[in-house]
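S.K.: Under the numbering used here, the first residue of the sequence shown carries the number 50, and numbering increases by one thereafter.
Heads up, the beta-carbon is just placed ideally off N, CA and C, and yes, glycines get one too.
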Amino acid sequence: MKRFRNILIALDTRSTTHPALDWALSVAVPSKARLTLVDVLPDLSWIARNVVPHSEAHQQLMLDDKQQKLEELAEPIRKQGLDVTTKVLRGKTSRALCDEVFHADHDLLVRVTRGTNSRSSAFYGTTGSRLMRNSPCALALIHPNYAASSGRIVAAIDPARNNSAHYKMTREVLDLTKSLAELQQKEMHVVHAWVLFTPTLLKSTFSANDLANFRKSSEADIAKEVDEVLEPFGLSHRDRRVHLIEGKIEAGDSVAKFADEENVEMIVLGTMARSGIAGALIGNTAERVLELAKCSLLTIKPDAFISPESAADDDNQTGS
Numbered sequence: 050m051k052r053f054r055n056i057l058i059a060l061d062t063r064s065t066t067h068p069a070l071d072w073a074l075s076v077a078v079p080s081k082a083r084l085t086l087v088d089v090l091p092d093l094s095w096i097a098r099n100v101v102p103h104s105e106a107h108q109q110l111m112l113d114d115k116q117q118k119l120e121e122l123a124e125p126i127r128k129q130g131l132d133v134t135t136k137v138l139r140g141k142t143s144r145a146l147c148d149e150v151f152h153a154d155h156d157l158l159v160r161v162t163r164g165t166n167s168r169s170s171a172f173y174g175t176t177g178s179r180l181m182r183n184s185p186c187a188l189a190l191i192h193p194n195y196a197a198s199s200g201r202i203v204a205a206i207d208p209a210r211n212n213s214a215h216y217k218m219t220r221e222v223l224d225l226t227k228s229l230a231e232l233q234q235k236e237m238h239v240v241h242a243w244v245l246f247t248p249t250l251l252k253s254t255f256s257a258n259d260l261a262n263f264r265k266s267s268e269a270d271i272a273k274e275v276d277e278v279l280e281p282f283g284l285s286h287r288d289r290r291v292h293l294i295e296g297k298i299e300a301g302d303s304v305a306k307f308a309d310e311e312n313v314e315m316i317v318l319g320t321m322a323r324s325g326i327a328g329a330l331i332g333n334t335a336e337r338v339l340e341l342a343k344c345s346l347l348t349i350k351p352d353a354f355i356s357p358e359s360a361a362d363d364d365n366q367t368g369s
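1. List the DSSP bridge partners of Met315.
2. How many angstroms separate the CA atom of Leu225 from the CA atom of Phe255?
3. Here's a check: name, in chain order, each residue in its chain whose Cβ is nearer than 6 Å to the Cβ of Val313, leaving out the five neighbours to either side.
4. Grouping DSSP H, G and I as helix and E and B as strand, with all else coil, what is Glu340?
5. Could you tell me which of Thr65, Lys273, Glu299, Asp352 sits nearest to Val338, measuring between CA atoms?
6. Per DSSP, what are the beta-bridge partners of Trp243 in this structure?
7. How far does the alpha helix (DSSP H) with Lys136 in it extend, from its first residue to its last?
8. Do you know whose CA, among Ala342, Leu86, Ala261, lies nearest Leu74's CA?
9. Can you give me the Cβ contacts of Arg54 inside the same chain, cut-off strictly under 8 Å, excluding the 5 residues immediately before and after it?
10. Considering only their Cβ atoms, is the gap separating Ala69 from Leu60 smaller than 8 Å?
11. Are the Cβ atoms of Ser303 and Lys51 separated by less than 8 Å?
12. Mapping the DSSP letters down to three states, classify Thr66 as helix, strand or coil.
13. Would you decide whether Ser143 is buried or exposed? Buried here means 16 or more other CB atoms lie within 10 Å of its CB.
14. Assign Ala171 to one of three DSSP states: helix, strand, or coil.
15. In terms of DSSP beta bridges, what is Asn212 paired with?
16. Restricting to Cα atoms, I'd like to know which of Asn333, Asp88, Arg182 is closest to Asp114.
17. Comparing C-alpha positions only, which one of Asp276, Ser267, Ala257, Glu336 sits nearest to Leu245?
18. Indicate whether at least one CB of chain B lies closer than 8 Å to the CB of Ala82.
19. Under the three-state reduction of DSSP, which class applies to Asp309: helix, strand or coil?
20. In whole angstroms, what is the alpha-carbon distance linking Thr175 and Val317?
21. Sorted by chain position, which residues of the same chain lie with C-beta nearer than 6 Å to Val159's C-beta, five sequence neighbours on each side aside?
22. Taking 8 Å as the cut-off, decide whether the C-beta atoms of Gly140 and Pro91 are in contact.
23. Determine the extent of the alpha helix (DSSP H) in which Arg264 is found, giving its start and end residues.
24. Could you tell me the distance, in whole angstroms, from the CA atom of Leu346 to the CA atom of Gly296?
25. Please name the residue in Thr66, Ala187, Ala171 whose C-alpha comes closest to that of Gly319.
26. Here's a check: name, in chain order, each residue in its chain whose Cβ is nearer than 8 Å to the Cβ of Arg290, leaving out the five neighbours to either side.
27. To the nearest angstrom, report how far apart Ile326 and Arg182 are at their CA atoms.
28. Looking only at C-alpha atoms, which of Gln233, Pro185, Asp259, Tyr216 sits nearest to Ala196?
29. Less than 8 Å between C-beta atoms, sequence neighbours within five positions excluded: which residues of the same chain meet that for Leu180?
30. Where does the unbroken alpha helix (DSSP H) through Asp154 begin, and where does it stop?
31. If you follow the beta strand (DSSP E) that Ala196 is in, where does it begin and where does it stop?
32. Look at the Cβ atom of Ala209, then the Cβ atom of Thr334, and state whether they are nearer than 8 Å.
What follows is the structure in structure tokens.
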């Protein structure tokens, strides 16, 4: 069973509600995970430093206020027996969080889907999108209306038997989804979406009967691949909780549409680009889900992923 042991929770201490913290506690309390609560104080611009009187003193007052509010949030959690650290980070939010993950070896970063002052109108916001690509560890983006109630957690999978990295990622996604469902007493579902290979070309080349046979054969192959990866989890494509969906454009579109129609609470998926595992990593399916979905997301990366944020920071320290 997958358990997170060292969780970083990014908060906005100006807010009166903290769905990211509520969600993280539902994971941390049963597994006795260590928690680090942080807020990020942006650096002053060059103009502000030179124009605003006593700007550094003002920044220190803001930092002290954020630190105090973090401590107020941490104290009742400590009384539950959890190890909780608080700190105020400085700088650009996405970079500061990635640096903290890298240096403190966190295995999960939790944040709301979109910050209060996000410059983006997208559901997941600018920082959420950057973190999905760059976070060195697993990332949970939590819906602002999250409530600890019964709901569905969906594993979005791509068995890809002929790709060992994809297959390993799929097993990890399923293991994590199963663990979360058990910890939070939710219902686990699995979705696999695919697009029939070059349908326009097929329509211009094959008869309707040939196309029907091709689709039937493809569906059988997909069901077999899905069953192989689901077997250790006691599931098959015939289970009511397993959904095989043929999409029309992109697999990610179908996953997002399914999540919306079925009132899914959280999608768990892997972010693996087909071009490699270094740099800002996100696959086609994850990219479309990020653009279209409107629920909480939990994304994981392959073991060999190197964040461009942490890599740049490491290079600066080593002088290379």
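M.R.: Reading it off the structure:
1. Ile202, Ser345
2. 42 Å
3. Arg201, Val203, Cys344
4. helix
5. Glu299
6. Glu295
7. Note, Lys136: premise wrong, no alpha helix (DSSP H); beta strand (DSSP E) at 133 to 139.
8. Leu86
9. Ser80, Ala82, Arg83, Asp156
10. yes
11. no
12. coil
13. buried
14. coil
15. Answer is none; Asn212 lacks a bridge partner.
16. Asp88
17. Ser267
18. Annotation note: the requested chain B is absent from the structure, which comprises a single protein chain.
19. helix
20. 20 Å
21. Ile58, Ala69, Ala73, Ala189
22. yes
23. 257 to 279
24. 21 Å
25. Ala187
26. Glu236, Met237, His238, Val239, Leu284
27. With a pLDDT of 38 at Ile326, under the threshold of 50, the predicted position of this residue should be treated as unreliable, though the coordinate-derived value follows. Those two C-alpha atoms are separated by around 11 Å.
28. Gln233
29. Ser143, Leu146, Cys147, Leu158, Arg160, Leu188, Leu190
30. Here Asp154 belongs to no alpha helix (DSSP H), and DSSP marks it neither H nor E.
31. Per DSSP, Ala196 belongs to no beta strand (DSSP E) and is neither H nor E.
32. no
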